[in-house]
Amino acid sequence: MNLHHLKIFVAIADRGSFSAAAEAIALTQSTVSQHMASLEDKIGMPLFERLGRGTTLTPGGTLFLRHARRILGESDALLQAMNGFRGLERADLVIGASNIPANYLVPPLLATLEQQHPGISLTMLTGDTAEVLKMLEGAEIELALVGSNSKSKEITFKPLLDDPLVLVVASSHPHAKQGRLSIDELYELPLIMRETGSGSGQSLEQALRSTRHDPSELNIAARLGSNEAVLQAVASGYGAAFVSELSVQHWKQADC
4 MNLHHLKIFV AIADRGSFSA AAEAIALTQS TVSQHMASLE DKIGMPLFER
54 LGRGTTLTPG GTLFLRHARR ILGESDALLQ AMNGFRGLER ADLVIGASNI
104 PANYLVPPLL ATLEQQHPGI SLTMLTGDTA EVLKMLEGAE IELALVGSNS
154 KSKEITFKPL LDDPLVLVVA SSHPHAKQGR LSIDELYELP LIMRETGSGS
204 GQSLEQALRS TRHDPSELNI AARLGSNEAV LQAVASGYGA AFVSELSVQH
254 WKQADC
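Following my numbering, the numbering of the sequence shown begins with 4 at its first residue and continues without gaps.
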């Protein structure tokens with residue numbers, strides 16, 4: 004007895020005759036009859052009663068049909084599961100990432116991805132948070148790693164890690180030894196910001212608005228296109244910046 008026997012048996016039970024089943028599964032009627040004779044011989048009892056040109060199930064056939072459907076259903080589920088597993092083992096994955104995740108989160112994970120799923124080929128598209136989320140909405144990417152969420156109802160956001168913004172200045176800056184800044188001092192401070200649409204900028208604006216302060220009153224001296232450019236400018240003594248704590252840790256480790 005094999006799955007092929009079960010499929011033929013179910014086809015006969017569903018269609019009520021050997022001839023209709025043979026036509027549905029593209030076999031000759033004699034072949035269908037041979038398979039059923041072999042199956043009934045293995046079972047040790049008749050599964051069908053022949054009534055003229057049609058057939059009806061015997062009591063044993065009715066019981067057998069219930070189990071045959073279950074076995075075939077489980078067989079289909081197994082094939083689907085294995086196809087899904089095979090797809091996971093060999094796949095082209097396209098993701099999007101904003102500046103901080105692209106530079107500091109994804110690269111360290113590549114070795115782990117290669118070890119656990121060597122058949123996956125990863126392509127990463129980059130942009131600011133707004134651009135990456137637009138890619139996701141347009142189905143250009145399958146997954147997005149960004150620094151802030153949005154109000155989009157089309158996207159489900161899941162927190163990955165906490166990466167607070169910190170205010171950085173050069174070691175020679177007058178505020179370098181100061182533990183805290185007042186709001187008035189912050190508004191007077193020349194700030195270097197990322198481009199409009201960046202996650203860090205959006206997070207800073209949200210934080211200020213939550214405390215009823217107007218982000219438009221910040222003294223923005225420059226906007227630069229990458230986190231590294233912002234940190235380089237700050238290190239040279241030009242202004243201050245709110246940046247990802249994760250990026251500062253990597254900056255220190257690189258002795259920059």
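No residue lacks a Cβ here, since even glycine has one placed at the ideal position from N, Cα and C.
Taking 8 Å as the limit between beta carbons, can you name the residues of its chain near residue i, skipping five residues before and five after?
i	result
Gln252	none
Met138	Gly99, Leu128, Gly130, Ile144, Ala147
Leu168	Ser203, Ser206, Leu207, Ala210, Phe245, Val246, Ser247, Glu248
His216	Ile186
Gln119	none
Thr31	Ala25
Val179	In the sequence as displayed, the identity of residue 179 is Ala instead of Val. Answer for Ala179: Val172, Ala173, listed in chain order.
Report the partner residues of residue i according to the DSSP bridge assignment.
i	result
Ile223	Leu194
Thr159	None, per the DSSP bridge assignment.
Gly99	Leu128, Ala147
Leu168	Ser247
Ala94	Ile123
Grab me the residues of residue i's own chain with a C-beta within less than 6 Å of its C-beta, minus the 5 sequence neighbours each way, in chain order.
i	result
Glu220	Tyr190
Thr126	Val97
His8	His38, Leu42
Leu146	Ile98
Thr59	Glu52
Cys259	Residue placement at Cys259 is poorly supported in this model, since its pLDDT is 44, which falls under 50; the coordinates still yield a value, given next. Cβ neighbours of Cys259 beyond the five flanking positions: none.
Ala105	Thr129
Between residue i and the rest of its own chain, which residues show a CB-CB distance below 7 Å, the 5 nearest in sequence each way excluded?
i	result
Ile123	Ala94, Leu96, Leu116
Thr61	Pro49, Leu50, Phe51, Glu52
Tyr107	Leu249, Ser250, His253
Glu157	Glu140
Ser2	There is no way to answer for residue 2, as the model of the chain reaches only from 4 to 259.
Ile74	Leu9
Thr132	Ser101, Val149, Gly150, Ser151, Gly200, Ser201, Gly202, Gln205
So, under 8 Å CB-CB, residue i and residue j are touching, yes? Tell me the CB distance rounded to an integer number of Å.
i	j	result
Leu207	Ile103	Not quite, the Cβ-Cβ distance comes to about 14 Å (not below 8 Å), so this is no contact.
Asn222	Pro193	5 Å
Gly240	Ile195	Between Ile195 and Gly240 the Cβ distance is about 11 Å, and since that is not below 8 Å, they are no contact.
Open item on the list: Going residue by residue through the stretch 43-89, where are the continuous beta strand (DSSP E) segments of at least 3 residues, counting only ones entirely within it?
Closed with: 51-54, 57-60, all fully within the stretch 43-89.
TODO: Pair every Cβ in the stretch 198-217 with every Cβ in the stretch 151-171, then say whether three or more of these pairs are closer than 8 Å.
DONE: yes
Open item on the list: Any contact between the stretch 23-33 and the stretch 62-70? By contact I mean 3 or more CB pairs, one from each, below 8 Å.
Closed with: no
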